[in-house]
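One structure is given here, and the rest of the page talks about it.
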Amino acid sequence: MVGSISSPEQIIEIVNDALQVRENSTVNILNDKLTLTVFSELEKNLKNVREINFIIRGTNSGPKNKEMVQEFELAASPSDVLFNNYEIVKKNKLKYFHKARAMHDFIESHVNVKKVKSPEMVKGNILIIDEDIQIQGTSSLEITKSKKIKGLPQINFDTFINSSMDTDQIKRSVQSFYTLWNNRGYTSEYKEELLEGLRYIYKDYSPEFLYYFTLYSLFGDQLDSSVEHFENDSTRFKQTKIWNTLYNFQKDAVVSGIQKINKHNGCIIADSVGLGKTFEALAIIKYFEMRNDNVLVLAPAKLYDNWDSFRSPYKDNPLAGDRLNYKILSHTDLSRNKGFSRSGLDLSRIDWGSFDLLVIDESHNFRNRIESEDHVTRYQKLLRDIIHKGANTKVLLLSATPVNNSLTDLRNQISIITSDRDYAFEEDGISSVQHLLIRAQKDINEWSKTSRRNKTELLDRLPSEFYKLLEMVTISRSRKHITRYYGTENIGVFPKKLTPMIFRPEIDSESEIMQFADVNEELEGLLLCVYSPMAYILPKYKEMYRERFATKINGKRIFDHEQREAINVKLNRFNLCKRLESSVYSFGKTVERLLGRIDSHISRMSSGTGTVSDEYDLEDEEEFFLEYKYDIDVRHLDVRNYLEDLRSDKEKLERISGQVRIILDEKRDFKLHEITAFVRNKINETPYNPGNQKVLIFTAFADTANYLYDSLWPILKEEGVHTAIVTGTGSPKTTIKGANLKYNEVLARFSPRSKGRSGDTDTEIEVLVATDCISEGQNLQDCDCVINFDIQWNPVVLIQRFGRIDRLGSINPQIQMVNFFPHMDLNDYLQLEERVKRKMVAANIGSTGDEDLLTPDLNDLEFRRTQLERIQEEVVELEEMGDTISLTDLNMNGYLNELYEYVKENPDVKKVPAGVFSITKGEEKGCLFCFRHSEDLAKPKSDSSLYPYYLMYVQNSGEVYIGMHNAREALAEFRRISYGKSEPDDVLIRNFNKKTHNAEDMTRYSKLITKAISGITGAERKRAEESIFDFSGFSDEFSDSGEDDFELISFLIVE
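Residue numbers for the sequence shown follow full-length UniProt numbering, so the first one is 1 and each next one is one higher.
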């Protein structure tokens, strides 16, 4: 006869009943579990046993994430034997520390332990006491929470027999058990591993170890494989010149980038200025070329020579031996269907879909996604002809760091990676990239409206999937990250940034005419009607022209031409203001061109025949522009009123132009006087670094650049110094006799060391005047001084300009930024700009969605005010601009790198079970807890940035010190009070053991756990109630979550 068993508790009862009346018994166990709770229930009677033989079946514990790389896979873990879901419930009562110690001591003295080598070798569980009692079936030696499936209780088919029922069967089972026990093909010794697992539960941990254990719990599944592991699998690649040129932090980016590209089809590298994104990209290109992949680099035209030099057999090419073979095209080539690219490719014959890897330098330039029906935009062609047509085109994007509080740039770049498939990351738990970014943008928008922006508050409210998305496809490290996690011993240091020098010269050195504010007031009074002929069309013809020139997308009218002209008028008014700020010469040239345009229109109006036609093309490199064409029959215009307004503007502009001529002809340009004196003094009297005469002068406009060059070079030639100019238009010019240098050659003469050239002092350029055509992507660190001759609307541009010389490994111990501001108080100047901006915004009608035609740079005046005030005192890093966010703010690269380095040196951190603790000293007495929410279906409304994990810092009083909505602050505090404390504090541990009777009485901390979890569920409840008012409906899926649904991962006791 065979008896049935209905529950694990019944198994415990049967075993206890049998053992309490026996002595010197032998117990043989084959099971996948022997949890702490079951041991505690059996402990008293197990002491009567002479010997226990325990075979552990099926303990494989692979990584939770199937994609986790091999190096960081978990080995079979004793935790699987010792814990189950029920143990999580008991764990929060903190009763397991002394249980683990007792179980360890008992196993060490009385139990032999082996493990089945492969789970497939043995099926089922069995427990045999002597040769009298046998329990077999599928139940583990564990106590579980009562479980119902579809409302019905779970049914077990476990059985037991005793010697009075079937002695022969028990003997056969014993024989089979010892066959497993004695055959090394089936089992191997496992006692020490199990004992070690028990020691991990109760041992004394240092605060630092606990910090990294918690990090591993939070981010362990995101660890990339190590450089060493990658090198072992890529022997040929590690022998390339480019690989051996890289610093360790760059190698890490390369390995991570390759993995992201292979796994997710693309990667955005957005490291800070001066960290070598180009070299990281070259290494990734070489890796894929070694796989015979066809690689295309799309770069701004101004950076063509940079990319071309690394693939060409030049003597000064440090990578010539790698024979890089990528193709190069310019961003502008996407707008052309015929002709030849600069690299000699016939654009009409290119098979855009034939490339395996697409590398886009300065990919943030593809931020504008407004599509057109009458022509294909660059973005449309990029997606249609390269990404969509490619069989499986992978993408590497090199992007500027800033996000500037808008995710539009990021969204459009991710769309390139995903081939515009919104569901591309569905298997990774992100069902819709667009919806996720909309949610994140909503959080950013709400944060931007706050009077005092605190980045930490924003970072903790963003959804966890948003961070997951960024970890999947982006790499973004700041300078502080590199120096903090990699040190400076092997990579050198960044130069010291001196306090910026500020000049505020008047326009007129005699202070008689052209006060900056007065001229701007006159400009605001201009009608600028030459840019708005549609406003003068006679009523009966208006609809005809409105229909003819309307901009339509998918058949829907987005812009009328009148709306476009209204914006155009405001843009040109803004352009006049910025040119006046740049230089009186540039302003004068613009006024002259405007007068010529007005005269042309007056002539046409006066003739009464012909058309008013134009193809709009804003001057120089002014970044705000609208492309359009129009032609209007003069007979369809209100000629009388149009002529009157044109002549009114002409009269005002001629008066202004006359004043410009006085200043230029009489050499009264005070701003020019100031920069000339400064440059001469820098060269002759006060070099910032011994022997360094170099000066890099930036301006937004080619007119100003040419004016400066023509004014400075004769004076500097007398000093024995060569001068040069590079702009985005026209050929470079230098004072080197007989030299006809190309763009890249000029830069190499100005900064020969950084360009890998040997300097020739006779033909070396010391002063370079440039527009923003070189404000990105260039290494000019031979120079130690940057002058911003005009102030860009977006202060980020000033930092990017300075980034040409503020670079890792600079030969200059210190570097200087010099800024020229208009001659007026900063607040008055900003209010003036703001007034112009408001007028521009008022005209910005018809804008689609969140795409602002004026670009995001114009949209945050308060940001501009704050940063321009700050930049007068210090040169800030892009990531330190507290009013804005960047990709470096949004990822966890710092923690991941820190964790990776620690795990390499301390692999034991992977073996420790959840629930461990440490003790440290700190200002706020209490406990810092880490929990994992175990009920994935009941996802909370607030979606913590670390979900399903929560960090809670609770004071001894029970008050929450740092709550769930400040996860990053809690993590930073965890690091602050733990980092560097690599040994347990013996004094604190002795006091703790005395108070808790060696961790047997943990009531005090168990109560704090209850407070912490109540804080989580309460906050989630409040957020769910608030959802009534955000149109998402009241939804409190978290309401059923209780203390049992939160697994304690770790806790740090702060004394």
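Glycine residues also receive a C-beta, built at the ideal position from the N, C-alpha and C atoms. Nothing here was measured: the structure is a model prediction, and the numbers come from that model.
- The residues Gly610, Val612, Val634, in chain order, have a CB closer than 7 Å to that of Arg604 in the same chain once the five nearest residues on each side in sequence are set aside.
- By the 16-neighbour rule on beta-carbons within 10 angstroms, Glu565 is buried.
- Under the DSSP assignment, Val960 falls in the beta strand (DSSP E) whose first and last residues are 960-962.
- Within the stretch 325-353, complete beta strand (DSSP E) segments of at least 3 residues are found at 327-330, given in chain order.
- Counting only unbroken stretches of 3 or more residues, the beta strand (DSSP E) elements lying wholly within the stretch 464-503 are 501-503, in sequence order.
- A distance below 8 Å separates the beta carbons of Thr167 and Glu131.
- Sequence-distant Cβ neighbours of Val912 in its own chain, meaning closer than 7 Å and more than five residues away, are Tyr200, Phe213.
- In this chain, Arg804 is not harboured by any alpha helix (DSSP H), its DSSP state being neither H nor E.
- Under the Cβ criterion (8 Å, minimum of three pairs), the stretch 283-296 does not count as touching the stretch 437-450.
- Across the structure, Asn520 and Tyr314 are spaced so that their CA atoms are roughly 51 Å apart.
- Inclusion of Ile1016 and Met952 in the CB contact set at 8 Å is warranted, their separation being smaller than that value.
- By the criterion of at least three beta-carbon pairs nearer than 8 Å, the stretch 669-677 is in contact with the stretch 503-511.
- A Cβ-Cβ distance of about 5 Å is found for the pair Gln413 and Leu397, placing them in contact under the 8 Å criterion.
- DSSP places Asn681 in the helix class (H, G or I) of the three-state scheme.
- Per the C-alpha coordinates, the member of Ile697, Tyr895, Lys191 positioned closest to Leu798 is Ile697.
- Contact check for Phe106 against Glu43 passes: the beta carbons are separated by less than 8 Å.
- Closest in C-alpha terms to Arg870, from the list Asn819, Ile919, Lys910, Tyr902, comes Asn819.
- Less than 8 Å separates the beta-carbon of Leu195 from that of Glu108.
- A contact between stretches requires three or more CB pairs, one per stretch, nearer than 8 Å, and the stretch 489-501 fails this requirement with the stretch 655-662.
- For Arg439, the enclosing alpha helix (DSSP H) begins and ends at 433-448.
- Restricting attention to alpha helix (DSSP H) runs no shorter than 4 residues, the stretch 182-209 encloses them at 191-202, ordered along the chain.
- When DSSP reads this structure, His933 sits in a beta bridge with Phe1046.
- A straight-line Cα-Cα distance of about 13 Å links Phe177 and Asn112.
- Using a Cβ distance threshold of 8 Å, Lys921 and Gln955 do not count as a contacting pair.
- In this chain, Thr245 is not harboured by any beta strand (DSSP E); it is covered by the alpha helix (DSSP H) spanning 241-245.
- Per DSSP, reduced to three states, the secondary structure at His823 is coil, with no helix or strand assignment.
- By the Cβ-count criterion, Ile438 is exposed, with fewer than 16 other Cβ atoms from all chains shown falling within 10 Å of its own Cβ.
- Taking 3 residues as the minimum length, the beta strand (DSSP E) runs contained wholly in the stretch 587-667 are 611-615, 629-633, in order along the chain.
- In the three-state DSSP reduction, Ala253 falls in the helix class (H, G or I).
- Closest option to Leu223, judged by alpha-carbon separation, among Glu959, Gly257, Thr235, Gln380: Gly257.
- Per DSSP, Asp132 is not a residue of any alpha helix (DSSP H), being assigned neither H nor E.
- Measuring C-alpha to C-alpha distances from Ile1013 to each of Glu983, Arg932, Asp986 identifies Arg932 as the nearest.
- In the three-state DSSP reduction, Thr699 falls in the coil class, being neither helix nor strand.
- The straight-line gap separating the alpha-carbon atoms of Phe929 and Arg990 is approximately 22 Å.
- Counting only residues of its own chain and dropping the five nearest sequence neighbours on each side, Gly492 has a CB closer than 7 Å to the CB of Leu808, Gly809.
- Put simply, the stretch 779-788 touches the stretch 687-701. At least three CB pairs are less than 8 Å apart.
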